[in-house]
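Peer 1: Going by the UniProt record's numbering, the sequence shown opens with residue 1, and the numbers climb by one from there. Yeah, the Cβ is synthetic: ideal placement off N, Cα and C, and Gly gets one too. It should be emphasised that the depicted structure is a prediction, and the values quoted were computed from it without experimental measurement. Before anything else, here's the structure in question.
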Amino acid sequence: MEVKAKNVKYLKILISVAQTDGNYLSET
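Laid out in structure tokens, this is it:
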């Protein structure tokens with residue numbers, strides 16, 4: 001259960017980073 005919670009948190013971080021990178025690439 002604890003491991004799954006960490007995975008979800010990690011996935012959310014990856015998604016937020018991907019969105020930020022996507023916005024940056026779009027502006028460039």
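1. Can you give the Cα-Cα distance for E2 and L11, rounded to whole angstroms?
2. Between the alpha carbons of G22 and I13, how many angstroms are there, rounded?
3. Under DSSP, the alpha helix (DSSP H) around T20 begins and ends at which residues?
Peer 2: This is what the structure holds:
1. Taking the sequence shown and counting its residues from 1, the one referred to as residue 2 is at position 2. Taking the sequence shown and counting its residues from 1, the one referred to as residue 11 is at position 11. The straight-line gap from Cα to Cα measures roughly 14 Å.
2. For the purposes of this step, residue 22 is taken as the residue at position 22 of the sequence shown. For the purposes of this step, residue 13 is taken as the residue at position 13 of the sequence shown. Computed Cα separation, rounded: 14 Å.
3. For the purposes of this step, residue 20 is taken as the residue at position 20 of the sequence shown. Run containing T20: E2 to E27, per the alpha helix (DSSP H) assignment.
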